[in-house]
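Below is one structure, written out as structure tokens; comments come after it.
Residue numbers (our numbering), protein chains in the order written: chain L, 312 to 664; chain W, 312 to 664; chain P, 312 to 664; chain Z, 312 to 664.
Structural data, given as structure tokens:
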């Protein structure tokens with residue numbers, strides 16, 4: 312069976328290159344072209360590398376960045392993975408969908424549109440059907456977005472808890488890696504030996520997106536979930552891996568043991584469908600006293616193709632009526648490129664591609 | 312007027328050396344002796360330096376560490392500042408109090424005793440009178456403790472808010488500096504480019520101590536304050552300065568403007584009494600979008616003697632019914648040695664020394 | 312006596328703000344105006360702060376950045392301190408000299424001109440007279456440059472050694488702080504937990520500048536010193552402070568003791584003239600086994616005004632015929648703004664202002 | 312063919328665990344037992360993990376640490392890989408050799424003995440025959456040591472240059488990772504945002520070992536190579552990967568192109584013999600302006616089994632008569648456990664096991 316041709320948009324950036332990494336040897340998809348802003352046209356990928364911990368194949372390094380022209384892309388590629396910056400993403404992605412392309416985007420531009428799925432296959436696979444409401448759907452074009460990086464890591468275990476016990480309050484503080492700001496991103500002078508307690512729009516995104524994803528799909532959109540969500544976001548001197556401290560008030564009483572059991576037993580759609588990039592266990596609960604940690608757990612996820620796709624949870628504990636836990640996920644894989652790749656895999660499995 | 316002779320216990324450690332720094336040229340106190348475990352007896356302070364960002368005077372560097380013998384210390388020094396490790400502190404501090412010494416301790420050993428003030432002069436100066444209940448008080452001996460480093464930074468602004476509006480819930484996540492673990496403390500292999508979401512006993516201390524300090528002094532102890540306190544503690548790659556993310560449910564509605572005004576107007580006992588180590592403004596509220604930060608704010612506090620004694624608050628904001636803020640303080644000064652020095656100053660101002 | 316009015320060029324940058332810090336309360340100079348590129352015109356200094364570890368006075372923070380118009384500046388200010396980027400510096404500084412202004416520059420643009428002093432008062436004060444060869448000198452305008460940051464730290468102890476023993480070979484490797492690249496400068500993704508063994512043009516500057524500074528002033532220029540200079544430059548995850556490892560082959564044999572004695576006894580022009588920003592001891596030799604270190608020694612220099620102006624040397628030792636030492640200096644103070652401030656002080660002391 | 316049973320000594324430490332990682336699935340060797348000091352006897356490996364970036368197999372994590380009793384070990388295991396601390400290593404390793412065990416050690420204790428090969432198969436494979444001079448050899452027992460971590464990375468490219476051009480002088484400065492100090496090793500308070508220009512005995516080891524390894528094997532020992540070697544060693548805030556700056560005076564003139572060609576063409580014994588842990592290319596020369604870097608190159612080496620075994624060289628350039636280059640290698644793999652594993656592979660290939 313021929314592989315589906317896919318375009319990578321924003322291939323000179325951190326997220327774009329994570330797309331390339333995940334697609335280099337994908338069983339269903341094949342990179343049809345790399346695209347970025349005019350400034351980078353014609354450059355070799357190897358000459359604009361941002362991701363430092365990956366050894367790309369020589370052929371991949373030698374690929375040239377091409378002109379980002381939506382119609383031309385749509386002719387060559389059935390799917391476009393977008394790692395474009397938010398300001399550029401909006402119109403480009405719309406143009407691609409108009410041209411009949413299936414767009415899987417990491418950008419925030421379309422996330423809160425009622426007819427656009429804000430999708431994590433482990434959390435709300437049924438939302439994917441929202442694409443059928445999109446005007447371009449009849450011609451094969453549509454937009455699916457993955458969630459914000461810090462929202463994603465939290466949403467997966469939250470889903471397992473929410474469906475078992477309900478939620479009244481989630482209070483989360485984040486310890487976010489610098490790769491989340493792209494490249495060049497955070498100046499070293501701002502973050503070496505420091506904590507920066509501010510990430511533009513991040514708290515708003517977390518507080519908003521979680522309610523859409525845990526909400527119910529209706530005929531024309533999503534009925535948002537209702538619980539208090541209070542987010543506080545900071546940057547710390549870590550390269551990859553968002554760590555998050557969550558305190559929750561559950562909808563009904565549950566012991567730590569019961570909660571851990573639910574988290575470990577969580578087996579949602581991607582695992583049932585055995586999507587290529589789905590980790591065998593979407594949530595890994597650690598027993599150690601001091602985990603998860605970015606250095607140890609950022610690449611959690613098996614088999615090899617799913618490295619960085621599992622969410623690690625640790626220190627589930629209680630303080631009076633509140634349940635606390637720590638959550639860690641790879642922000643540019645699970646919370647970025649990998650999120651959209653698995654979204655596309657779900658679409659393919661559901662015969663929408 | 313002759314200065315009061317004071318002993319510094321644990322002078323080879325991080326907190327002990329912050330005591331030395333604050334006492335080198337103090338208007339009321341004079342270092343009578345430096346003490347530490349047998350292992351260090353006879354060593355020059357200059358040969359066991361842990362604090363790297365201070366230039367001590369040559370005379371100070373040349374002082375020798377002496378044998379930690381409580382009775383001998385009590386003869387020479389009216390006051391003992393203790394930076395001893397918790398396991399050693401308990402008996403040594405009791406012995407010193409028995410011998411008639413006024414002990415101001417950074418150790419946790421005696422903090423939760425009903426007759427021991429867990430004291431922050433900006434928060435609960437009236438608790439100091441608890442020393443009169445201690446059995447050794449009649450002979451001049453007593454123990455006063457400062458609070459845990461992460462509790463201290465939070466307690467100061469929380470006091471201002473609590474007395475104005477009351478509190479139903481405080482949910483705090485910490486970003487703690489490595490100096491809080493003493494020396495050698497945290498191995499570099501554990502923290503470089505990493506977050507460690509566990510500090511032994513820290514969450515328990517925070518959840519417990521805050522209720523004692525915001526509680527009411529009674530004839531024989533303290534009636535603890537009652538509100539939900541949920542703490543989650545982590546270590547980050549920062550040398551000095553604990554950053555904390557707090558989300559609160561206040562007892563009654565208040566606007567951000569009103570809260571900031573209360574924080575800025577907060578003028579408790581140390582400032583009224585003009586204690587030498589008290590900063591002119593105990594709480595500094597920053598208007599910038601991205602403050603406080605350790606690199607910028609850890610040494611907040613004026614005049615020069617009060618550097619590192621002010622607590623910096625930033626990003627006071629609301630999310631639904633919840634008020635959020637970031638808090639930063641110097642963990643080994645405001646939350647350690649400086650805390651006990653200002654406690655002793657309060658005792659002196661109240662003629663208890 | 313009225314203070315000399317001085318302009319600070321490039322006041323929104325790292326070096327510019329170090330100028331402001333050093334000039335805030337200077338006994339001879341007074342800030343007449345802050346200047347930067349058009350983009351920053353009209354902004355408050357407090358709103359574009361880069362330097363994080365300094366508490367500027369409120370008046371300073373409230374100063375506005377003004378338009379960089381050479382003629383207007385020259386009317387108001389006798390002296391211009393330039394922290395401009397190299398590409399802008401060349402023409403602007405020339406225009407200021409044409410307009411009669413005494414320019415003290417941190418930029419590289421004019422450093423190697425035969426008629427421009429590349430000046431470190433501790434190293435080659437007699438080179439200052441080169442300004443008299445400059446065509447604008449008769450109207451009071453001239454340009455004096457300080458050396459590259461990594462060259463400066465090395466040049467001071469090298470001078471003491473060169474004049475005592477001569478030099479055949481200096482082989483230096485640098486461990487340079489990120490502040491040397493300005494702001495935003497080095498992306499955190501490139502340097503967290505990493506070493507970057509490349510700094511553009513840095514090795515060339517070091518190999519070239521040292522020969523000019525240790526050379527002999529002639530009537531129209533400088534006869535360069537002749538010895539082998541081999542430099543290798545790298546960036547490390549340090550905020551401030553360039554550490555350098557030097558191995559030297561001296562012109563004649565000397566014991567470690569003799570060399571250390573020469574370094575400690577070094578008392579050049581700035582110390583003899585008691586220039587305001589000159590540290591009492593220009594070279595501090597540490598006896599400890601593991602110094603100098605950025606965290607301990609970057610702010611070496613007494614009195615308070617000279618903090619960060621001393622060069623710290625440590626571990627002077629020999630390996631066969633080679634003498635090794637470690638050198639540390641503050642790259643944006645001693646090796647940047649402070650270098651030009653002390654240059655201007657020398658000019659003033661020599662009645663050239 | 313049955314695999315050779317091997318013991319791992321010091322299995323609770325950083326080097327010991329790198330041995331375990333490399334031996335988990337080795338084609339020739341099989342872990343027969345894990346050994347460490349009494350303190351750790353009976354503990355699960357999974358409970359004393361130091362290496363954070365490896366996912367060990369569950370069986371491996373569940374292995375227990377056993378008592379380090381040389382005779383018992385020798386009965387079970389033909390080979391012992393030693394990651395013991397130097398002070399313990401000396402006697403234990405001798406006892407193992409006495410008991411007939413082939414010891415491959417990372418410890419420094421026996422390195423400079425005339426009858427002990429200080430071995431890097433890429434550099435001096437013929438030195439391995441020195442074991443035949445050891446008194447225990449007739450009974451099958453002997454000791455082979457790998458070189459110091461920082462010496463190893465340098466020795467490989469130096470060998471290629473030395474055999475082609477000769478060497479008069481090598482001047483090296485190191486940027487060493489904290490993992491080189493073991494665990495807990497370097498306190499975070501000493502290295503966060505800092506450089507520590509001192510590593511005990513490291514410069515002496517580098518200056519001495521290189522001459523032994525590049526020396527000629529004689530009937531009873533080694534005739535040391537003769538050239539000037541000047542080393543200066545520092546610790547930097549990097550987890551894994553020693554970066555080194557080398558300046559050389561070659562024995563005869565050579566262009567950069569010629570030198571790079573020699574480095575790339577270098578194909579020593581391990582590659583000819585296709586030893587399992589030998590990388591296809593022992594030296595990788597990068598063309599980029601800013602490589603090697605720890606974050607990019609520390610795991611250089613193909614195929615998968617040889618990850619971290621290649622040495623990366625970059626920025627080969629000249630300054631007058633001197634040739635400069637940057638070198639990077641993984642200090643606990645190439646310069647530690649991997650060094651001894653490949654030594655044992657060479658011994659096996661030469662039928663000495």
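For every residue, glycine included, the Cβ atom is placed at its ideal position computed from N, Cα and C.
All figures in this text were calculated on a predicted structure; none of them were measured in a lab.
Next item on the list: Look at residue 465 of chain W and residue 505 of chain L and say whether their C-beta atoms are less than 8 Å apart.
Entry: Here residue 465 of chain W is taken as the residue at index 154 of the second chain, counted from 1. Here residue 505 of chain L is taken as the residue at index 194 of the first chain, counted from 1. At a Cβ-Cβ threshold of 8 Å, residue 465 of chain W and residue 505 of chain L do not count as neighbours.
Check: Given a threshold of 16 other Cβ atoms within 10 Å of its Cβ, counted over all protein chains shown, does residue 420 of chain W qualify as buried or as exposed?
Finding: For the purposes of this step, residue 420 of chain W is taken as residue 109 along the second chain, with counting starting at 1. Around the beta carbon of residue 420 of chain W, a 10 Å sphere encloses 16 or more other beta carbons of the protein chains shown; the residue is thus reported as buried.
Check: What residue range is occupied by the uninterrupted alpha helix (DSSP H) comprising residue 652 of chain W?
Finding: Counting from 1 along the second chain, the entry for residue 652 of chain W is found at position 341. Unbroken alpha helix (DSSP H) run through residue 652 of chain W: 649-660.
Notebook entry, point to check: Since residue 626 of chain P meets chain Z, which of its residues come closer than 7 Å, beta carbon to beta carbon?
Noted result: Translated into positions along the third chain, residue 626 of chain P becomes position 315. Those are 508, 509, listed as they occur along chain Z.
Notebook entry, point to check: Going along chain W in order, which residues have a C-beta closer than 7 Å to the C-beta of residue 561 of chain L?
Noted result: In the first chain, residue 561 of chain L corresponds to position 250, counting from 1. Under the 7 Å cutoff, chain W gives no residues; its nearest Cβ is about 13 Å from residue 561 of chain L.
Check: Count the other CB atoms within 10 Å of the CB of residue 338 of chain Z; is the residue buried (16 or more) or exposed (fewer)?
Finding: Within the fourth chain, the letter at position 27 stands for residue 338 of chain Z. If you draw a 10 Å sphere on the C-beta of residue 338 of chain Z, you find fewer than 16 other C-beta atoms in it, and that means exposed.
Checklist line | Under 8 Å between C-beta atoms of residue 579 of chain L and residue 433 of chain L | finding: Within the first chain, the letter at position 268 stands for residue 579 of chain L. Within the first chain, the letter at position 122 stands for residue 433 of chain L. In this structure, residue 433 of chain L lies closer than 8 Å to residue 579 of chain L by Cβ.
Checklist line | Burial state of residue 517 of chain L, where buried means 16 or more other Cβ atoms lie within 10 Å | finding: Here the question's residue 517 of chain L lines up with position 206 in the first chain. Burial call: buried.
Next item on the list: Starting from the beta carbon of residue 461 of chain W, find every residue of chain Z whose beta carbon is closer than 7 Å, and list them in chain order.
Entry: As a first step, residue 461 of chain W must be located in the second chain, where it is residue number 150. By Cβ distance, chain Z contributes nothing, its closest Cβ being about 18 Å from residue 461 of chain W, past 7 Å.
Margin query: Under DSSP, the alpha helix (DSSP H) around residue 427 of chain Z begins and ends at which residues?
Written below: To locate residue 427 of chain Z, count along the fourth chain from 1; it is residue 116. It is not in any alpha helix (DSSP H) - residue 427 of chain Z carries neither H nor E in the DSSP assignment.
Item checked: Cross-strand partners of residue 378 of chain Z (DSSP beta bridge) -> Translated into the one-based positions of the fourth chain, residue 378 of chain Z becomes position 67. The bridge partners DSSP lists for residue 378 of chain Z are Z/347.
Check: Out of curiosity, what's the CA-to-CA distance linking residue 342 of chain Z and residue 663 of chain Z?
Finding: Sequence index remark: in the fourth chain, residue 342 of chain Z carries index 31 (1-based). Sequence index remark: in the fourth chain, residue 663 of chain Z carries index 352 (1-based). Cα to Cα, the separation comes out at about 19 Å.
Next item on the list: Kindly say whether residue 361 of chain Z, judged by its beta-carbon, lies nearer than 8 Å to any beta-carbon of chain L.
Entry: One-based indexing of the fourth chain puts residue 361 of chain Z at position 50. No, residue 361 of chain Z does not count as interfacial toward chain L.
Notebook entry, point to check: Interface residues of chain Z around residue 503 of chain W at Cβ under 8 Å?
Noted result: Taking the first residue of the second chain as position 1, residue 503 of chain W is located at position 192. Residues of chain Z passing the Cβ test: 489, 499, 502, 503, 548, 549, 550.
Notebook entry, point to check: In this structure, does DSSP put residue 604 of chain P in helix, strand or coil?
Noted result: Reading the third chain from its first residue, position 293 is the one you call residue 604 of chain P. Note: residue 604 of chain P maps to coil in three-state DSSP.
Check: residue 544 of chain Z to residue 492 of chain W, Cα distance in whole Å?
Finding: Taking the first residue of the fourth chain as 1, we reach residue 544 of chain Z at position 233. Taking the first residue of the second chain as 1, we reach residue 492 of chain W at position 181. Near 28 Å, if we compare the C-alpha coordinates of residue 492 of chain W and residue 544 of chain Z.
Notebook entry, point to check: Under the three-state reduction of DSSP, which class applies to residue 479 of chain L: helix, strand or coil?
Noted result: Position 168 of the first chain, counted from the start, is the residue given in the question as residue 479 of chain L. Three-state DSSP puts residue 479 of chain L in a strand.
Note to self: So for residue 507 of chain Z, helix, strand or coil by DSSP?
What the structure shows: Working through the fourth chain from its first residue, we reach residue 507 of chain Z at position 196. It is a strand residue.
Notebook entry, point to check: On the three-pair Cβ rule with 8 Å, is the segment 482-502 of chain L touching the segment 554-568 of chain L?
Noted result: Yes, the segment 482-502 of chain L is in contact with the segment 554-568 of chain L.
Next item on the list: Find the residues of chain A that neighbour residue 554 of chain W, judging by a C-beta separation of less than 7 Å, and give them in chain order.
Entry: Judged by its chain identifiers, the structure shown contains no chain A, and its protein chains are L, W, P and Z.
Margin query: Using a Cβ-Cβ cutoff of less than 8 Å, which residues in the same chain neighbour residue 519 of chain L once the five nearest sequence positions on both sides are dropped?
Written below: To locate residue 519 of chain L, count along the first chain from 1; it is residue 208. Apart from sequence neighbours up to five positions away, the residues of its chain that approach residue 519 of chain L with a beta-carbon distance below 8 Å are 423, ordered along the chain.
Check: My guess is that residue 318 of chain P and residue 391 of chain P are in contact by the Cβ rule of under 8 Å, so how many angstroms apart are they, rounded?
Finding: Your numbering for residue 318 of chain P matches position 7 in the third chain. Your numbering for residue 391 of chain P matches position 80 in the third chain. Contact flag correct, Cβ pair sits at about 4 Å.
Next item on the list: Taking only the alpha-carbon atoms, compute the straight-line gap between residue 584 of chain P and residue 620 of chain P and give it to the nearest angstrom.
Entry: Position 273 of the third chain holds residue 584 of chain P. Position 309 of the third chain holds residue 620 of chain P. Rounded to whole angstroms, residue 584 of chain P to residue 620 of chain P spans 16 Å at the Cα level.
Checklist line | Proximity to residue 507 of chain L [Cα-Cα], best of L/370, L/489, L/333 | finding: Residue mapping note: residue 507 of chain L aligns to position 196 of the first chain, counting from 1. When each option's Cα is compared against that of residue 507 of chain L, the closest is L/489.
Note to self: Just to confirm the assignment: which complete beta strand (DSSP E) runs, minimum length 3, are found wholly within the segment 515-569 of chain L?
What the structure shows: Counting whole runs of 3 or more residues, the segment 515-569 of chain L contains the beta strand (DSSP E) stretches 539-546, 553-561.
Checklist line | Partners in chain Z for residue 518 of chain P, counting only beta-carbon separations shorter than 9 Å | finding: Here residue 518 of chain P refers to the residue found at position 207 of the third chain. Contacts between residue 518 of chain P and chain Z, judged by CB atoms closer than 9 Å, involve 630, 631 in chain order.
Check: What did DSSP end up calling residue 341 of chain P once you bin it into helix, strand or coil?
Finding: Here residue 341 of chain P is taken as the residue at index 30 of the third chain, counted from 1. Residue 341 of chain P falls in the strand class under three-state DSSP.
Check: Which residues, taken in chain order from the segment 585-606 of chain W, show a beta carbon closer than 9 Å to some beta carbon of chain L?
Finding: The segment 585-606 of chain W vs chain L, Cβ under 9 Å: 599, 600, 601, 602, 603, 604, 605, 606.
Margin query: Please state whether the Cβ-Cβ distance between residue 359 of chain P and residue 332 of chain P is less than 8 Å.
Written below: The count along the third chain starts at 1 and reaches residue 359 of chain P at position 48. The count along the third chain starts at 1 and reaches residue 332 of chain P at position 21. Cβ atoms of residue 359 of chain P and residue 332 of chain P: not closer than 8 Å.
Notebook entry, point to check: Is the Cβ of residue 610 of chain L closer than 8 Å to any Cβ of chain W?
Noted result: If you number the first chain from 1, residue 610 of chain L lands on position 299. Not an interface residue.
Margin query: Would residue 543 of chain Z pass as an interface residue toward chain P - the criterion being a Cβ-Cβ separation below 8 Å?
Written below: Numbered from its first residue, the fourth chain carries residue 543 of chain Z at position 232. Among the CB atoms of chain P, one or more fall inside 8 Å of the CB of residue 543 of chain Z.
Next item on the list: Whole angstroms is fine: what's the gap from residue 592 of chain Z's alpha carbon to residue 626 of chain Z's?
Entry: As a first step, residue 592 of chain Z is located in the fourth chain; it is residue number 281 there, counting from the start. As a first step, residue 626 of chain Z is located in the fourth chain; it is residue number 315 there, counting from the start. Just so you know, the alpha carbons of residue 592 of chain Z and residue 626 of chain Z end up roughly 18 Å apart.
Check: What separation, rounded to the nearest whole angstrom, lies between the Cα atoms of residue 575 of chain Z and residue 599 of chain Z?
Finding: In the fourth chain, residue 575 of chain Z corresponds to position 264, counting from 1. In the fourth chain, residue 599 of chain Z corresponds to position 288, counting from 1. So the alpha carbons of these two residues sit roughly 15 Å apart.
Margin query: Checking 8 Å against the spacing of the C-beta atoms, do residue 658 of chain P and residue 533 of chain P come in under that value?
Written below: On the third chain, position 347 is the one that residue 658 of chain P refers to. On the third chain, position 222 is the one that residue 533 of chain P refers to. Between residue 658 of chain P and residue 533 of chain P, the CB-CB gap reaches or exceeds 8 Å.
Next item on the list: Leaving out five residues on either side along the sequence, give the residues of the same chain with a beta carbon under 7 Å from the beta carbon of residue 565 of chain P.
Entry: Numbered from its first residue, the third chain carries residue 565 of chain P at position 254. Excluding positions up to five away in sequence, the list reads 476.
Notebook entry, point to check: Within 10 angstroms of its Cβ, does residue 312 of chain L collect 16 or more other Cβ (buried), or is it exposed?
Noted result: By one-based count along the first chain, residue 312 of chain L stands at place 1. In the assembly as shown, residue 312 of chain L is an exposed residue. Its beta-carbon has fewer than 16 other beta-carbons within 10 Å.
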